[in-house]
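Asker:
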């Protein structure tokens, strides 16, 4: 089992920045991929950004150029640096990790962008 704990959410004004962190612990052999998803009220959960073990990244079109995902492999931690935040970025952000054929989720952290 792998446990994921997110942190770093909060309230920020439009145009502001936040950095989310997700620390993985438990029985870790090799995390093939770590990703950030988000879910706004009344909407489906969507992929925001992902990073695989080799370092390749991918982003949702809506966040390209504003968000950046990075991973500290030695600490099994993934970060999401968010800048230029918009009200439409408001959502609960979830961390996801894939190990072998298993997918794990964190409990989520709220990000609210409002003036």
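In my numbering, the protein residues as written are -15 to 99.
Ideal placement from N, C-alpha and C gives every residue a C-beta, glycine not left out.
In this text, all values refer to a predicted model and were calculated from it rather than measured experimentally.
Please identify the residue among 56, 73, -8 and 18 whose C-alpha is closest to the C-alpha of residue 45.
Answerer: Working through the chain shown from its first residue, we reach residue 45 at position 61. The option with the nearest alpha carbon to residue 45 is 73.
Asker: Rounded to whole angstroms, what is the Cα-Cα separation between residue 22 and residue -7?
Answerer: As a first step, residue 22 must be located in the chain shown, where it is residue number 38. As a first step, residue -7 must be located in the chain shown, where it is residue number 9. One C-alpha to the other measures close to 12 Å.
Asker: Evaluate the contact criterion for the stretch 74 to 91 versus the stretch 13 to 33: three or more CB pairs, one atom per stretch, below 8 Å.
Answerer: yes
Asker: Can you check whether the CB of residue -14 is closer than 8 Å to the CB of residue 63?
Answerer: Walking along the chain shown from the start, residue 63 turns up at place 79. Walking along the chain shown from the start, residue -14 turns up at place 2. Against a cut-off of 8 Å, the Cβ pair of residue -14 and residue 63 comes out as no contact.
Asker: Which residues share a DSSP beta bridge with residue 54?
Answerer: The residue you call residue 54 lines up with position 70 of the chain shown. 63.
Asker: Near residue 53, which residues of its chain fall below 6 Å by C-beta distance, leaving aside the five closest residues on each side in sequence?
Answerer: Residue numbering aside, residue 53 sits at position 69 when the chain shown is read from its first letter. Contacts found: 33, 35, 41 and 64.
Asker: Taking C-beta to C-beta, are residue 98 and residue 1 nearer than 8 Å?
Answerer: Here residue 98 refers to the residue found at position 114 when the chain shown is read from its first residue. Here residue 1 refers to the residue found at position 17 when the chain shown is read from its first residue. No; because the gap between Cβ atoms is not below 8 Å, this pair is not in contact.
Asker: Can you give the Cα-Cα distance for residue 31 and residue 19, rounded to whole angstroms?
Answerer: What you label residue 31 is simply residue 47 of the chain shown in a count that begins at 1. What you label residue 19 is simply residue 35 of the chain shown in a count that begins at 1. Those two C-alpha atoms are separated by around 8 Å.
Asker: Around the Cβ of residue 178, are there at least 16 other Cβ atoms within 10 angstroms (buried) or fewer (exposed)?
Answerer: Nothing about residue 178 can be reported from this structure: the residues present for the chain run from -15 to 99 only.
Asker: What first and last residue would you give for the beta strand (DSSP E) that runs through residue 72?
Answerer: Numbered from 1 along the chain shown, position 88 holds the residue referred to as residue 72. Following the DSSP letters along the chain, one finds residue 72 in no beta strand (DSSP E), marked with neither H nor E.
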